[in-house]
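Protein chains: 2
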Amino acid sequence: MPTIRDVAQRAGVSPTTVSYVLNDTRHVSPATEARIRIAIKELDFKPNYIARSLRAKCTLTVGMIVSDITNPFYADIVRGAQDVLSTRHYSLILCNTDEAPVRELETLTLLRQKKVDGLIAVVTGANVDAFSEASDAGLPIVLVDRRLPGDHLCTVLADDEHGAYQATQHLLQLGHRRIGVILGRVGISTSEHRRKGYEAALREAGVAIDPALLQTGHSTVAGGAAAAKALLDLTPPPTAIFATNNLMTVGLFVTIKERHLRCPEDVAVVGFDDMVWLSVFSPALTTVAQPSYELGKKAAELLWNRMDEKKAGNPCLVILPAKLVIRESCGQAIAAVTH
Amino acid sequence: MPTIRDVAQRAGVSPTTVSYVLNDTRHVSPATEARIRIAIKELDFKPNYIARSLRAKCTLTVGMIVSDITNPFYADIVRGAQDVLSTRHYSLILCNTDEAPVRELETLTLLRQKKVDGLIAVVTGANVDAFSEASDAGLPIVLVDRRLPGDHLCTVLADDEHGAYQATQHLLQLGHRRIGVILGRVGISTSEHRRKGYEAALREAGVAIDPALLQTGHSTVAGGAAAAKALLDLTPPPTAIFATNNLMTVGLFVTIKERHLRCPEDVAVVGFDDMVWLSVFSPALTTVAQPSYELGKKAAELLWNRMDEKKAGNPCLVILPAKLVIRESCGQAIAAVTH
DNA sequence: TTGTAGGCGTTATCAG
DNA sequence: CTGATAACGCCTACAA
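Chains A and B, in that order, are what the protein sequence lines are.
Be aware that the first sequence starts at 1, since it is given in the numbering used here, and climbs by one per residue.
Be aware that the second sequence starts at 1, since it is given in the numbering used here, and climbs by one per residue.
This is the structure:
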């Protein structure tokens with residue numbers, strides 16, 4: 001691999017000058033510049049970014065922490081972030097935590113050691129101090145999807161509460177009164193917000209909140225299935241179920257299928273998160289569509305501002321709308337459900 | 001940020017010794033080691049990996065190029081690779097090409113400049129020379145999912161041909177004789193292999209190959225929908241359609257839904273790629289399941305061998321089995337289809 | 001058992 | 001308009 005010195009030698013100038021033309025950072029006579037460019041071409045010289053990073057204290061790399069890239073919701077977020085960052089010539093180191101606080105912490109440390117210029121993270125909620133400390137130490141950080149208590153960091157969220165509110169309200173309008181809800185881990189801000197939206201809609205409709213109708217679990221297919229079983233085992237069972245994330249929704253359908261129940265005839269369902277394939281199979285899922293791609297995009301834009309202008313600014317909170325997409329899985333209005 | 005010198009000073013030793021205890025690379029008296037460790041703790045010193053990389057010529061970072069992380073198939077591959085590499089303390093720079101050769105080339109160059117220790121790629125097929133050159137220049141590379149002509153690089157594939165063969169054979173056994181197939185871009189090795197498998201099954205069954213029944217397009221929902229329309233517009237239309245990747249399968253179902261056709265009654269369908277949610281909605285999809293996670297895992301293992309032992313070895317070709325998962329979307333055996 | 005010194009490939013200050 | 005020169009933070013002969 002040729003270095004800047006090789007180029008300099010070949011062009012008969014000093015490495016300094018080569019560096020300057022490379023970065024277009026001071027005027028160089030057309031003649032020498034031409035010679036240098038030729039040398040660069042001939043040697044097929046490409047600057048070593050590691051060396052540059054060491055010197056310039058800037059790596060053009062940002063860290064991205066999500067719980068699992070395999071979850072289409074996070075994949076969308078990553079893509080959104082990546083699209084804006086790659087435009088700015090940043091690349092992205094991707095890390096999965098699987099919701100494990102230790103891995104999150106290790107990852108954070110690793111990324112700091114690799115000197116990423118910034119960080120976008122979907123947090124587990126367990127490492128509040130570590131993130132604060134990193135931020136205080138000067139690392140630009142933007143959280144996506146979930147907030148951290150205190151809101152000391154820049155955060156981009158979907159309007160979970162309103163999304164859940166709309167979903168629940170929709171079911172209420174269809175005549176449902178016993179509406180089960182499947183929530184993710186307590187302690188994650190999204191679960192909290194979605195529960196609030198659910199309760200707000202019920203309260204507004206004058207429907208009493210039955211704690212037995214709230215089931216929480218890990219945001220996985222298994223977690224959703226377990227919660228679904230608990231709900232369907234109630235007497236009477238709910239006539240509708242609101243599953244508040246994509247994997248748990250799948251778990252719910254696994255259970256529905258296992259029990260040979262029909263949707264929406266036996267249970268109406270509203271999910272959370274949207275994906276193309278949810279609209280083409282039966283029952284096409286009524287769901288709260290999160291602006292997943294935009295979440296990532298917005299997070300990256302905020303991060304970029306902070307990295308670029310070095311103006312840390314105050315922590316900010318951006319909330320993007322979530323909207324209900326009505327399809328078949330809720331069925332038609334039902335008269336009065338009396339169990 | 002404290003440096004190794006700060007630690008040395010605080011412990012009253014030379015930076016050298018600190019470095020040696022850090023890397024456990026030569027014997028140090030217990031007493032000094034203890035002092036050093038205390039200093040490290042007190043200063044909360046963490047080595048700067050950029051500096052280390054520059055010196056050690058090893059970044060503990062590998063590049064991963066896929067066409068789109070938003071496609072669950074690639075997300076799985078990435079996850080598989082990541083799981084094995086993170087165990088080895090490597091992190092991963094993720095890049096999307098969207099099948100654009102230019103972006104692929106830019107990405108390759110960028111990753112080389114960032115001095116990744118290795119590269120895993122799903123190639124577009126257009127930059128054969130660039131990849132060879134990088135490999136010749138000493139960059140360990142493993143291709144996944146698609147091969148490049150000449151097979152000069154280590155490659156991990158799914159058994160596309162046999163997968164497609166099984167799918168087609170299954171449809172034949174059910175009595176179908178006019179079987180349409182929706183293929184991805186020609187020029188991508190997977191399309192070629194899947195076509196071969198399809199044709200082999202037909203040939204074996206003594207069914208003539210009708211070119212009108214082969215439709216190709218971009219591996220997107222839109223591409224799949226277009227191909228589906230072309231097939232369904234034939235007279236007579238095929239009684240079964242084999243869609244050879246996940247996005248195109250969705251496109252097929254979009255079209256089926258638009259035309260108010262029933263599956264499997266009006267058209268039987270076999271897809272490619274499996275995902276949890278495909279098994280819970282109706283019609284549950286019969287599909288050729290690729291070992292996506294294992295593809296990534298295997299690729300990373302091969303890459304790791306090359307990076308670790310510096311034994312480049314010969315290019316190798318690993319083919320992982322793809323297996324047909326039978327569900328409802330093919331329906332029951334039909335007597336004899338005579339159009 | 002420990003330390004000195006040089007260099008990895010760039011960039012940036014300062015001087016010419 | 002151009003060049004020495006000194007870092008950036010770490011590793012590793014070589015020397016003691």
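Backbone N, C-alpha and C define an ideal beta-carbon position, used for all residues, glycine too.
{"Query": "In chain order, what residues of the same chain have a beta carbon less than 8 Å from the beta carbon of Pro47/A, not counting five sequence neighbours either side?", "Result": "Ile4 and Leu22"}
{"Query": "In chain order, what residues of the stretch 82 to 93 of chain B put their CB closer than 7 Å to some CB of chain A?", "Result": "Gln82, Ser91, Leu92 and Ile93"}
{"Query": "Assign Leu153/B to one of three DSSP states: helix, strand, or coil.", "Result": "coil"}
{"Query": "Use the C-beta contact count for Cys330/A: other C-beta atoms within 10 angstroms, 16 or more gives buried, fewer gives exposed.", "Result": "buried"}
{"Query": "Compare the beta carbon distance of Leu43/A and Asp6/A with 7 Å and say whether it is the shorter of the two.", "Result": "yes"}
{"Query": "Please report the distance separating the alpha-carbon of Val337/A from that of Leu172/A.", "Result": "Because Val337/A sits at a pLDDT of 49, beneath the cut-off of 50, its placement in the model cannot be relied upon, and the following sentence gives the value as read from the coordinates. Using only the alpha carbons, I get a separation of about 11 Å."}
{"Query": "Quick one: what does DSSP say Ala336/A is sitting in, helix, strand or coil?", "Result": "Because the pLDDT of Ala336/A is 48, which lies under 50, any placement of that residue in the model is unreliable, and the question is left without a value."}
{"Query": "Give the straight-line distance between the Cα atoms of Ile326/A and Ile120/A, rounded to the nearest whole angstrom.", "Result": "32 Å"}
{"Query": "Look up Thr97/B in the DSSP assignment and say whether it is helix, strand or coil.", "Result": "coil"}
{"Query": "Let me confirm a value: His339/B is counted as buried when at least 16 other C-beta atoms fall within 10 Å, else exposed. Which label applies?", "Result": "Summary for His339/B: the model assigns pLDDT 46, below 50, so the residue's position carries little reliability, and this model does not support an answer."}
{"Query": "May I ask you to report which of helix, strand or coil DSSP gives Ser91/A?", "Result": "strand"}
{"Query": "Return yes when the Cβ of Ile36/A is within less than 7 Å of the Cβ of Leu295/A, no when it is not.", "Result": "no"}
{"Query": "Take Val123/A and list the residues in its own chain whose beta-carbon comes closer than 8 Å to its own, dropping the five residues that flank it on each side.", "Result": "Ile65, Glu104, Phe131, Leu143, Arg146 and Leu148"}
{"Query": "In chain order, what residues of the stretch 38 to 57 of chain A put their CB closer than 8 Å to some CB of chain B?", "Result": "Lys46, Pro47, Asn48, Tyr49, Ile50, Ala51, Ser53 and Leu54"}
{"Query": "What is the DSSP secondary structure of Gln215/A, reduced to helix, strand or coil?", "Result": "strand"}
{"Query": "Output, in chain order, the set of chain B residues within a Cβ distance shorter than 7 Å of Ala75/A.", "Result": "Ile69, Thr70 and Ala75"}
{"Query": "On the DSSP bridge list, what partners appear for Ala268/A?", "Result": "Ala240/A"}
{"Query": "For the stretch 279 to 297 of chain B, enumerate the residues whose C-beta is nearer than 9 Å to any C-beta of chain A, in chain order.", "Result": "Ser279, Val280, Phe281, Ser282, Pro283, Ala284, Leu285 and Tyr293"}
{"Query": "I'd like the ranges of any alpha helix (DSSP H) spanning at least 4 consecutive residues and lying wholly in the stretch 182 to 212 of chain A.", "Result": "189 to 204"}
{"Query": "Does the contact criterion of 3 or more C-beta pairs under 8 Å hold for the stretch 300 to 311 of chain A versus the stretch 269 to 278 of chain A?", "Result": "no"}
{"Query": "Could you spell out where the beta strand (DSSP E) holding Ile319/B opens and where it closes?", "Result": "Leu317 to Leu320"}
{"Query": "So which residues of chain A does Lys257/B contact, with C-beta pairs closer than 7 Å?", "Result": "Val280"}
{"Query": "Which class does Leu119/B belong to by DSSP, given the choice of helix, strand or coil?", "Result": "strand"}
{"Query": "Look up Lys46/B in the DSSP assignment and say whether it is helix, strand or coil.", "Result": "coil"}
{"Query": "Could you work out which residues of chain B lie near Arg79/A, taking near to mean beta carbons separated by less than 8 Å?", "Result": "Asp68, Ile69, Thr70 and Asn96"}
{"Query": "Does the stretch 148 to 166 of chain B come close enough to the stretch 93 to 100 of chain B to have 3 or more Cβ pairs within less than 8 Å?", "Result": "no"}
{"Query": "For Lys257/A, which of helix, strand or coil comes out of DSSP?", "Result": "helix"}
{"Query": "If you measure between the beta carbons of Ile209/A and Glu199/A, is that distance less than 7 Å?", "Result": "yes"}
{"Query": "Can you look up Met307/B in the DSSP assignment and give me helix, strand or coil?", "Result": "helix"}
{"Query": "Go ahead and pull the three-state DSSP assignment for Asn168/A.", "Result": "Correcting the residue identity first, residue 168/A is Thr in this sequence and not Asn. Correct three-state label for Thr168/A: helix."}
{"Query": "Exposed or buried, Ser29/B, counting other C-beta atoms within 10 Å across all chains shown (16 or more means buried)?", "Result": "exposed"}
{"Query": "Taking the C-alpha atoms as reference points, what is the distance between Ser282/A and Gln113/A?", "Result": "49 Å"}
{"Query": "Could you tell me the boundaries of the beta strand (DSSP E) in which Thr287/A lies?", "Result": "Thr286 to Ala289"}
{"Query": "Ser219/B and Leu252/B: beta carbons closer than 7 Å?", "Result": "no"}
{"Query": "For Lys114/A, which three-state DSSP category applies?", "Result": "coil"}
{"Query": "Based on Cα-Cα distance, which residue from Pro237/A, Thr168/A, Arg185/A and Ala227/A lies nearest to Gly206/A?", "Result": "Thr168/A"}
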